[in-house]
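In my numbering, the protein residues as written are 815 to 889.
Backbone N, C-alpha and C fix where the C-beta goes; we use that ideal spot for every residue, glycine too.
A quick note: this is a predicted structure, and the numbers were derived from the prediction, not measured.
Have a look at this one:
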């Protein structure tokens, strides 16, 4: 498990996470919260190379807006 970043906004039903550095997960990689509960999967990586954004498609029953400000992790 490695830090993915903080959820900074939602867009088109996705949670948008800002990575702390250039290291980002692969598309399709599983995303969890600090309790290791399944949050969703990475569907896109975009933005500046130095600190990209990651779009996360949330799992069933997880509202993207409920994740705002949370730190997420790639598993």
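CB of residue i within 8 angstroms of CB of residue j, strictly
i: residue 859; j: residue 845; result: no
i: residue 853; j: residue 872; result: yes
i: residue 817; j: residue 834; result: yes
i: residue 875; j: residue 820; result: no
i: residue 855; j: residue 843; result: yes
Host beta strand (DSSP E) of residue i (start-end)
i: residue 831; result: 828–832
i: residue 854; result: 852–860
i: residue 817; result: 816–825
i: residue 886; result: 885–888
i: residue 845; result: 844–846
Residue i versus the options, residue with shortest Cα-Cα distance
i: residue 865; options: 843, 881, 839 and 815; result: 839
i: residue 828; options: 879, 887, 850 and 842; result: 879
i: residue 825; options: 877, 888 and 851; result: 877
Simplified DSSP state of residue i, which is helix, strand or coil
i: residue 869; result: strand
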